[in-house]
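To keep things clear, I will list the structure first and then write my remarks on it.
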Amino acid sequence: MFAQTALRQRCARWLIATGLFLMLGACVEKPSTLERVKEDGVLRVITRNSPATYFQDRNGETGFEYELVKRFADDLGVELKIETADNLDDLFNQLGQPSGPVLAAAGLVSSEQRKSQVRFSHPYLEVTPQIIYRNGRPRPTDAKDLVGKKIMVLKGSTHAEQMAELKKQYPALEYEESDAVEVVDLLRMVDEGQIDLTLVDSNELAMNQVYFPKVRVAFDLGDARDQRWAVAAGEDNSLLNEINEFLDKVQKNGTLQRLKDRYYGHVDVLGYVGAYTFAQHLQQRLPRYEKAFQASAKKEQVDWRLLAAIGYQESMWQAEVTSKTGVRGLMMLTQRTAQAMGVSNRLDPVQSIRGGAKYFMYVKSELDDSIEEPDRTWFALAAYNVGSGHLDDARKLAKREGLNPNKWLDVKKMLPRLSQKQWYSKTRYGYARGGEPVHFVANIRRYYDILTWVTQPQLEGSQVAESNLHVPGVNKTKPTEQTPPL
C-alpha cells in the first residue's frame with residue numbers, strides 16, 4: 016500500500032515536471048531572422064548573375080549589388096554567402112525557404128503584385144524602364160507603336176507587369192515572357208534582329224550597351240522607379256529594420272554614392288561611336304598585345320586588363336604613334352619617363368607596355384598611405400596623367416572645401432579648378448588642364464569594366480576573337496550614324 020502511494024506520488028511529480036517543461040518550452044520565442052543570421056554567422060543572399068548585379072571575374076566576386084550587400088554583411092559581422100537564381104520566379108520562391116536565403120539583392124523594383132510575395136527595403140537606386148529597339152528600324156515613340164512588334168521581356172519581372180497593363184489598353188499588343196534569358200540576352204536579341212523590342216531598366220542598358228552597338232532607346236515607359244532589397248513576407252521585421260538602418264546610413268555617409276559612381280558614374284563616357292570603335296579594336300588590335308600586357312602585369316603585380324585599358328586610352332593600342340607634345344608609343348611615355356623606366360625604344364610595344372606598367376605602379380606606390388582601394392587606383396591613374404603634384408593640389412582644395420581628400424568622388428570635383436586662375440593661383444604647382452585627368456580616369460574605368468566583363472570565365476561559350484579573347488555580342492557592322500539618337 017505504502018509502495019503504491021509512493022509510486023503514485025513519483026508519477027504525479029514527473030507529470031507535473033513534464034507539463035511545466037512543455038509549458039516553458041512553449042513560452043520560449045523562436046529566434047528572429049536577424050538573431051539566426053548572427054548566431055549562424057552567415058548572411059545568405061540570393062541575386063541574379065549579370066553585370067549590373069553580381070558576377071565573378073578572375074579576381075573573384077564583384078558587381079554593384081554584391082559590393083553593397085557585402086558591406087551590409089560586414090556591418091553585421093557575418094560571412095556573406097551568395098546564391099544565384101535561374102530566373103526571377105525562382106528567386107522569389109527561394110527567398111525565405113527553410114535554410115534558404117533571407118535576403119534578395121537583385122536590382123528589384125517594388126510592385127503591388129510583388130508586395131504580396133515579399134517585403135521591400137528603403138530604396139537605394141533610381142532607374143527608368145526603357146523600350147529598346149534596333150537602329151535602322153522604325154523607332155517607336157509611344158505605347159501604341161508597340162502593337163504588331165515582336166517583343167520579349169523577362170518572365171516574372173515588373174516589365175512583364177507593365178506589358179500586361181499595356182495590353183489592357185491595347186488588346187492587339189502581343190509580347191512573350193521568358194525565364195530562359197537575362198537582360199544581356201534580350202539586348203543581344205534586339206541587336207541581332209531576333210526580336211523587335213524589349214523593355215529593360217536604364218542602369219542595365221547603361222552597363223551593357225557597349226557590347227551591342229545596334230541597340231537604342233526608343234522611349235521611357237513610365238516614370239523612374241526605385242530599386243530595393245527584399246525579404247520574405249511575414250511579421251518578422253528584425254532583418255528588414257536592420258537593412259533599412261544600413262541603407263539610410265550608407266546614403267548619409269556617402270558610401271552608396273561612391274558605389275554608384277564606381278559602377279555607373281562612368282558608363283556613358285564613351286558615347287555611341289566610341290563604344291563601337293572600342294568593340295572593334297577589342298577584336299582587331301588587343302590580341303596582338305594581350306600577352307605583353309599579361310606578362311608585364313604579372314611582373315608588376317597589377318591586373319593586366321587595367322594596363323590594357325590605360326594603353327587603349329593612351330594610344331588606342333597603336334604601337335608607333337607620337338603626340339604633338341612628343342610622347343610616343345603604345346603607353347605614350349615621355350622621353351624622361353622612358354629613360355627612368357629602362358625603356359630604350361618607346362616604339363617597341365613590349366618595352367612600352369613594360370615601362371608603362373612599371374611607371375604606373377611607381378606612381379601608385381608614391382601616393383599617401385591614407386588613400387585606400389579602389390580610390391588608390393583612380394588616384395594613381397590621375398597622377399599618371401596630370402602628375403602627382405597637381406593631384407596633391409586638388410586634394411588640398413578638396414580638404415579646404417570640407418570634402419574627403421582620400422576619395423576620388425570628391426577630389427575629381429576639384430581637379431577642373433586647376434585650370435581656373437582664382438584657384439590655381441593658390442596652389443603650389445599652379446595651372447593644370449585639370450579636366451583631362453577626370454576624363455582620363457573615367458574612360459579607363461569604362462574600358463576596364465568592359466575588359467573585366469568580356470574576359471570572365473562564364474563567357475567561355477561566347478563569341479571568340481583572335482587569341483581567345485572573349486567578345487560577347489560585338490556587331491561588326493559599321494555604324495551608319497555618328498551621333499546617338501535622343
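Position in the sequence shown (from 1) plus 15 gives the number in the numbering used here.
All C-beta atoms, glycine included, are put in the ideal place defined by N, C-alpha and C.
>> Using the Cβ count rule (16 or more neighbours within 10 Å means buried), how would you classify Asn-150?
In response: It is buried - the Cβ of Asn-150 has at least 16 other Cβ atoms within 10 Å.
>> Here's the rule I'm using: 16 or more other beta-carbon atoms within 10 Å means buried, otherwise exposed. How should Tyr-291 be labelled?
In response: buried
> Roughly how many angstroms separate the alpha carbons of Asp-8 and Gln-132, rounded to a whole number?
Replying inline: For the chain, the structure presents residues 16 to 501; residue 8 sits outside this window and is missing.
> Over what stretch of residues does the alpha helix (DSSP H) that includes Ala-247 continue unbroken?
Replying inline: Counting along the chain, Ala-247 falls outside any alpha helix (DSSP H), though it belongs to the beta strand (DSSP E) covering 240-247.
> Buried or exposed: where does Thr-337 fall if 16 or more other Cβ atoms within 10 Å of its Cβ makes it buried?
Replying inline: exposed
> Is DSSP giving Asp-408 helix, strand or coil here?
Replying inline: Three-state result, Asp-408: helix.
>> Only counting the same chain, and skipping five residues up and downstream in sequence, which positions put a Cβ closer than 6 Å to that of Ala-310?
In response: none
> What whole-angstrom Cβ distance do Leu-348 and Gly-370 have, given they're in contact under 8 Å?
Replying inline: 5 Å
> Roughly how many angstroms separate the alpha carbons of Pro-431 and Asn-421, rounded to a whole number?
Replying inline: 17 Å
> Within this structure, are the beta carbons of Ile-97 and Glu-82 separated by less than 9 Å?
Replying inline: Note that the C-beta distance between Ile-97 and Glu-82 is not below 9 Å.
>> For Lys-45, tell me which candidate among Glu-250, Leu-362 and Leu-91 has the shortest Cα-Cα distance.
In response: Glu-250
>> Quick check on Ala-187: does DSSP put it in helix, strand or coil?
In response: coil
> How big is the Cα-Cα spacing for Phe-70 and Phe-293?
Replying inline: 22 Å
> When we look at the beta-carbon of Ala-120 and count the other beta-carbons within 10 Å, is it buried (16 or more) or exposed?
Replying inline: With 16 or more neighbouring CB atoms inside 10 Å of its own CB, Ala-120 falls in the buried class.
>> Using 9 Å as the threshold, is the C-beta distance between Gly-341 and Gln-366 below it?
In response: Taking 9 Å as the Cβ cut-off, Gly-341 and Gln-366 do not qualify as a contacting pair.
> Tell me which same chain residues have a C-beta within less than 8 Å of the C-beta of Leu-271, skipping the five on either side of it?
Replying inline: Leu-83, Tyr-139, Leu-262 and Val-265
>> Beta-carbon within less than 6 Å of Glu-416's beta-carbon, same chain only, minus the 5 sequence neighbours each way: which residues are those?
In response: Its chain contains no residue whose beta carbon lies nearer than 6 Å to that of Glu-416 once the 5 sequence neighbours on both sides are disregarded.
> Does at least one heavy atom of the ligand GDP sit under 8 Å from the Cβ of Asp-160?
Replying inline: Ligands displayed in this structure: none; no statement on the ligand GDP is therefore possible.
> Going along the chain, which residues of its own chain have a beta-carbon closer than 6 Å to the beta-carbon of Leu-321, five neighbours each way excluded?
Replying inline: Tyr-463
> Taking buried to mean at least 16 other C-beta atoms within 10 Å of its own C-beta, is Lys-218 buried or exposed?
Replying inline: Sequence check: residue 218 is Asn here, not Lys. With 16 or more other Cβ atoms within 10 Å, it is buried.
> If you pair each beta-carbon of the segment 273-281 with each one of the segment 109-118, do three or more pairs fall below 8 Å?
Replying inline: no
> Taking all protein chains shown into account, do 16 or more other C-beta atoms lie within 10 angstroms of the C-beta of Ala-307, making it buried, or fewer, making it exposed?
Replying inline: buried
>> Spatial neighbours of Val-168 within its chain, please: C-beta separation below 7 Å, excluding the five flanking residues on both sides.
In response: His-174, Ala-175, Met-178, Tyr-190, Glu-192, Thr-213 and Leu-214
>> Along the chain, where does the alpha helix (DSSP H) containing Asp-90 start, and where does it finish?
In response: 79-91
>> Please classify Lys-314 as buried or exposed, where buried requires at least 16 other C-beta atoms within 10 Å of its C-beta.
In response: exposed
> Which first and last residues belong to the beta strand (DSSP E) in which Glu-94 is found?
Replying inline: 94-99
> Taking all protein chains shown into account, do 16 or more other C-beta atoms lie within 10 angstroms of the C-beta of Ser-136, making it buried, or fewer, making it exposed?
Replying inline: buried
>> Which residue marks the beginning of the beta strand (DSSP E) containing Asp-216, and which one marks its end?
In response: 212-216
> Among all the DSSP beta bridges, which residues are the ones paired with Thr-337?
Replying inline: Arg-343
>> So the candidates are Arg-273, Arg-243 and Gly-269; which of them puts its Cα closest to the Cα of Asn-259?
In response: Arg-243
> Expressed to the nearest angstrom, what Euclidean distance is found between the alpha-carbon atoms of Gln-209 and Asp-408?
Replying inline: 53 Å
>> To test your reading of the DSSP string, which unbroken alpha helix (DSSP H) runs of 4 or more residues are found completely within the segment 147-185?
In response: 173-184
> Per DSSP, which one or two residues make a beta bridge with Ala-119?
Replying inline: Ile-61 and Ala-245
>> Helix, strand or coil, according to DSSP, for Asp-235 in the structure here?
In response: strand
> Once you ignore the five residues that flank Glu-257 on each side, which residues in its own chain have a CB closer than 8 Å to its CB?
Replying inline: Excluding positions up to five away in sequence, the list reads Leu-49 and Leu-91.
>> Give me the residue from Gln-295, Ser-359, Val-401 and Val-317 with the minimum Cα distance to Met-331.
In response: Of the candidates Gln-295, Ser-359, Val-401 and Val-317, the one whose C-alpha sits nearest the C-alpha of Met-331 is Gln-295.
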